[in-house]
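Chemist: Residue numbers (the working numbering): -13 to 500.
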Amino acid sequence: MTELDHLKKRKTRIEDSINTEKGQNINVQFIDPDGNKTGSEFDLDLATTTTKDLQILLNQVLQNEDETLYSFCLNDSNVEVSGSLIEAFSKLENVSTEFVLRIVYHPMAPFRVLPATRCTTSFQGHSDAVLCCAFSPDSKLLATGSGDSTIRFWDLLTETPEFTCKGHSNWVLTVSWSPDGSYLASAGMDNLIFIWDPFTGKQSCPILKGHTKAVVALAWQPLHLVETSKEMQENGSFIPYSKLVSASKDTTLKIWNIINGTIIHTLTSHLQMVTQIKWSGFESGFIYSSSRDTIIKIWKPETGQLLRDLKGHGHWVNTLALNTDYVTRASCYYPMTKQGVRTDFRCINEKILMARKIYNSLKQNCKSERLLSGSDDNTLFLWDPMGENGRKPIQRLVGHQKLVNHVVFSPDGRFIASASFDKSIRLWDGYSGKFIAVLRGHVGPVYMVCWSVDSRLLASASGDSTVKVWQVSKYKLKEDLPGHADEVYAIDWSIDGSRLCSGSKDRLVKIWRH
C-alpha cells in the first residue's frame, strides 16, 4: 500500500469521525477477557460516550457491589479507549457503524505504580552472590538468599539489615513467603528446607528433611484454600497454615506439614530433576510440576495422585507460570483500593476470609486457569490444563532464538512476559498467546522478569549487570538502572508497588524507588 493510499484511508476515517459527531450511534457488545459475551448489546453515541461511561455501564451489567476499574480495547485489537469512544474508533481500519463494535474489557489496578528511577539503598552483608530475593506480602520486609548459605531479612521502613539466618550448609537457591506473611521457607543445595520466623529471625518449625539432592523450588498452599478450623481461637493462636510443596533434583516432589516437619506425600513420576512447581489457586488446588524430562505433570495434593501429563516440549521445561500466581502470592494483601495494601488484620482467620473475598472478586475476570511453560527448546506453551482439551496446548509461542529462562503472567492476566538467553524479552497476549512485541536493550542473557502490581510496568534482570524497567503500553524502555558490578540474578517488585529490589553476583542487594 502506497503512502497516498494510507493518507486517503486516514482522511476517510477522520471524515467518518466528524460525521459521527452529529449523533451517530453504534451497537456495542462487551466481551470478557476469555472472549465470551457479557450482557446484551447496547446502543451508544460514539461522540459522547467516554471511558467513564463504559466503566459505569459495565459495573451495572456485572452487578458489582464495589466499583471495579476496567480498561477497554476495541475489536480484539490493541486500540485502547483512553478518552472518548470516537477517538479510539477512528484508529480502527475497515470498520463501520453498521456492525456491532466488540469492546473487550480487562480489570485494572485501582492505582498507578511509579517507575523505579534511582537506587536508594545498596545492602551489603552477603559474602557471595545473591541468588534469590522476595518481598513479604505486606511489603514491609525483604528476604534474600545467597551462595554464602545465609538468608537475610531487611527492614524496608528504615532500609536497614534486620536478621541474618544461618542453618544451610550450601547455596540457598530459593526463598518463598507464606501468603499470610508469617513464615519464610528457604531451600538449596544442602537438600534441606528451613522455615523461618521473619519477626525473630529464628527457625519456627522443624527442619524439613527427606530430599536426597538439591531443592530448587517451593510453593505454599494458597491462603484462600486453607480451611478455617473449629479449633481456631478468636485471637488466631491456632495455626491452620501448614502445607508446603518442594521440588528437587532427586526427581521428586514432597508435600510437607511444616508444623511437625512430616512428609504428607512424596510425588514420584518424573524421570529427571524437577525444575519448577506451582500450586493452583482454583478450587481444585492442583499442583503443577515441570521437569528436565520435558513433561509437565498435574497432581492432586490431597492424595498425591497423578492426574495428567502435558507433553509437547522437545527439551527441558525450565519454568512455569499461572495466571493466578500474583493474586495467590499477594492473597489478603492484594491492593483492591486506592488506599493500597491493608495490614490491620487481627488474626489469621481475618486474613483467610479477606484472601477468599479478593480471590473470588478477581476470579470473575479469570474464568479459567491458564498455565504457561518455557523450555530449552526456545518455545513457550500456553495451556488450559484442566479443560476438555487440556492435554493439548492452546498455543505454541515461538520467536525466541535461545532457551526460555523465565515466564510470568501480568497480575491482571492480560499479558505474558518471557525472558530468554537471546537477550530479549517478548510480550504475548495472556488469553490467546498471540505475539505482541519484543523488548530489546539488554546485551546479556535475561534471567528474570517481574511485573508491577498495576500490570503497566515490567522489570528485567540480566547478565549485562543492569536492571531495566519497561513501559508495557508503548513497548519501550522506561528506565535503565545500572549500578551492579556483575550479573543480576534476582529481581522482585513489592506488592504495594513502592520498591523494586535486585540481587547480584556482586553480593549486593539494591533497592530502587521512584
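In this text, a Cβ means the ideal position worked out from N, Cα and C, and glycines have one as well.
(1) Could you give the DSSP three-state label for leucine 204: helix, strand or coil?
(2) Starting from phenylalanine 180, follow the beta strand (DSSP E) in both directions and report where the run begins and ends.
(3) If you draw a straight line from the C-alpha of serine 108 to the C-alpha of isoleucine 497, how long is it?
(4) With burial defined as no fewer than 16 other Cβ atoms inside 10 Å of the residue's Cβ, what is the status of asparagine 375: buried or exposed?
(5) In the DSSP assignment, find the beta strand (DSSP E) that holds lysine 286 and state where it starts and stops.
(6) By the three-class DSSP mapping on this structure, what secondary structure does arginine 88 have?
(7) Considering only the alpha carbon of each residue, which of Ser63, Glu51, Asn45 and Gln41 lies closest to tyrosine 417?
(8) Rounded to the nearest angstrom, what separates leucine 443 and lysine 23 at their Cα positions?
(9) May I ask you to report which of helix, strand or coil DSSP gives alanine 33?
(10) Please report how far the alpha carbon of valine 161 lies from the alpha carbon of serine 438, in whole angstroms.
(11) On the DSSP letters alone, give me the boundaries of the alpha helix (DSSP H) that alanine 316 sits inside.
(12) Roughly how many angstroms lie between the CA atoms of threonine 313 and alanine 307, to the nearest whole one?
(13) Return the chain-ordered ranges of every beta strand (DSSP E) run that is complete within the segment 331 to 372 and spans a minimum of 3 residues.
(14) If we ignore side chains and look at the alpha-carbon of each, how far apart do asparagine 221 and glycine 167 end up?
(15) Is valine 435 helix, strand or coil when you go by DSSP?
(16) With the cut-off set at 8 angstroms, would you say leucine 389 and glutamine 381 are in Cβ contact?
(17) Leucine 48 to tyrosine 91, Cα distance in whole Å?
(18) Rounded to whole angstroms, what is the Cα-Cα separation between asparagine 427 and histidine 500?
(19) With a cut-off of 8 angstroms, do at least 3 Cβ pairs link the segment 23 to 34 to the segment 65 to 75?
(20) By how many angstroms is the C-alpha of threonine 83 removed from the C-alpha of phenylalanine 139?
(21) Indicate the three-state DSSP secondary structure (helix, strand or coil) for phenylalanine 97 in the structure shown.
(22) Return the chain-ordered list of same chain residues with a C-beta closer than 8 angstroms to the C-beta of glycine 373, the five sequence neighbours on each side being excluded.
(23) So, for glycine 483: in the same chain, excluding its five sequence neighbours on each side, which residues have a beta-carbon less than 6 angstroms away from its beta-carbon?
(24) Could you pull the DSSP bridge partners for isoleucine 477 from this structure?
(25) Considering only the beta carbon of each residue, do asparagine 243 and lysine 264 sit closer than 8 angstroms?
(26) At a cut of 8 angstroms, does the segment 395 to 409 reach the segment 295 to 303 through at least three beta carbon pairs?
(27) DSSP puts leucine 292 in a beta bridge; with which residues?
(28) Among residues of its own chain, excluding the 5 on either side of threonine 106, which ones have a beta-carbon nearer than 6 angstroms to its beta-carbon?
(29) What is the DSSP secondary structure of alanine 74, reduced to helix, strand or coil?
(30) Taking the straight line between their C-alpha atoms, what separation do you get for proline 379 and aspartate 370?
(31) Specify the secondary structure class of tyrosine 320 as computed by DSSP and reduced to three states.
(32) Only counting the same chain, and skipping five residues up and downstream in sequence, which positions put a Cβ closer than 8 angstroms to that of glycine 187?
(33) Taking DSSP as the reference, what is the three-state secondary structure of aspartate 466?
(34) Which residue's Cα is closest to the Cα of leucine 209: Gly271, Ala341, Ile481 and Ile193?
(35) Can you tell which of Asn61, Leu143, Gly111 and Ile344 has its C-alpha closest to the C-alpha of threonine 130?
(36) Count the other C-beta atoms from every protein chain shown that fall within 10 angstroms of the C-beta of lysine 195, then say buried if there are 16 or more, exposed otherwise.
Modeler: To lay it out plainly:
(1) Three-state DSSP puts leucine 204 in a strand.
(2) First-last of the beta strand (DSSP E) with phenylalanine 180: 179 to 182.
(3) Using only the alpha carbons, I get a separation of about 6 angstroms.
(4) Burial call: exposed.
(5) Lysine 286: member of the beta strand (DSSP E) spanning 282 to 286, first to last residue.
(6) In the displayed model, arginine 88 falls within a strand according to three-state DSSP.
(7) Shortest Cα-Cα distance from tyrosine 417 to any of Ser63, Glu51, Asn45 and Gln41 involves Ser63.
(8) Whole-angstrom Cα-Cα distance: 29 angstroms.
(9) Residue state, collapsed to three classes: coil.
(10) Using only the alpha carbons, I get a separation of about 20 angstroms.
(11) Counting along the chain, alanine 316 sits inside the alpha helix (DSSP H) bounded by residues 311 to 316.
(12) Just to set this straight, residue 313 is valine in the shown sequence, not threonine. Using only the alpha carbons, I get a separation of about 12 angstroms.
(13) If we require 3 residues or more, the beta strand (DSSP E) runs fully inside the segment 331 to 372 come out as 357 to 361 and 366 to 369.
(14) For asparagine 221, the predicted model reports a pLDDT of 44, less than 50, meaning its position is unreliable; a value from the coordinates is still stated below. Asparagine 221 and glycine 167: Cα-Cα distance of roughly 17 angstroms.
(15) Correct three-state label for valine 435: strand.
(16) In this structure, leucine 389 keeps its C-beta atom at 8 angstroms or more from the C-beta atom of glutamine 381.
(17) Cα to Cα, leucine 48 sits roughly 12 angstroms from tyrosine 91.
(18) The sequence shown places glycine at residue 427, rather than the asparagine named in the question. Separation of glycine 427 and histidine 500 (C-alpha to C-alpha, rounded to the nearest whole angstrom) is 21 angstroms.
(19) Two segments are said to touch when three or more pairs of C-beta atoms, one from each, lie closer than 8 angstroms; by this definition the segment 23 to 34 touches the segment 65 to 75.
(20) If I take the Cα positions, the gap works out to 59 angstroms.
(21) For phenylalanine 97, the three-state secondary structure derived from DSSP is coil.
(22) If we look at glycine 373 and ignore the five residues flanking it on each side, its Cβ neighbours are Ser354.
(23) These residues qualify, in order along the chain: Val99, Ser438 and Val439.
(24) Answer is Ser488, bridged to isoleucine 477.
(25) No. Outside cutoff.
(26) No contact exists between the segment 395 to 409 and the segment 295 to 303.
(27) Looking at the DSSP assignment, leucine 292 forms a beta bridge with Trp285.
(28) If we look at threonine 106 and ignore the five residues flanking it on each side, its Cβ neighbours are Ile497 and Arg499.
(29) It is helical.
(30) Straight through space, the alpha carbons of aspartate 370 and proline 379 are spaced by roughly 7 angstroms.
(31) DSSP places tyrosine 320 outside both helix and strand once states are collapsed to three, so it counts as coil.
(32) The residues are Phe139, Glu148, Phe149, Thr150 and Cys151.
(33) The three-state reading of DSSP puts aspartate 466 in strand, counting E and B together.
(34) Relative to the Cα of leucine 209, the nearest Cα in the group Gly271, Ala341, Ile481 and Ile193 belongs to Ala341.
(35) For the residues Asn61, Leu143, Gly111 and Ile344, the minimum Cα distance to threonine 130 belongs to Gly111.
(36) Taking a 10 Å sphere around the C-beta of lysine 195, we find fewer than 16 other C-beta atoms and assign the residue as exposed.
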